[in-house]
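Taken in order, the sequence shown gives residues 1 to 61; the numbers are from full-length UniProt numbering. Yeah, the Cβ is synthetic: ideal placement off N, Cα and C, and Gly gets one too. A quick note: this is a predicted structure, and the numbers were derived from the prediction, not measured.
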Amino acid sequence: MNNEKMVLDESEKGLTKTIIFFIVVMIIFTIFANLAPQLKIALDNMSNINLPLAPDGVGAG
């Protein structure tokens, strides 16, 4: 009886971990979907700031 119960508990833990994992992934995807425009703007701004500085950095080096 004990062994069967332990196996059941293990499978329930695995199922719970899987469900939690999927929920976390869905939350992360939702956050990224909402932040995508802001992230793209931020990355574009970073690129615009960094690209002009790169040649100066190379020249100074």
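Rounded to whole angstroms, residue 11 and residue 43 show a C-alpha spacing of 43 Å. Just so you know, the alpha carbons of residue 18 and residue 46 end up roughly 37 Å apart. Distance between residue 13 and residue 38, taken at the CA atoms: about 37 Å.
Per the coordinates, the alpha-carbon of residue 41 lies some 19 Å from the alpha-carbon of residue 28.
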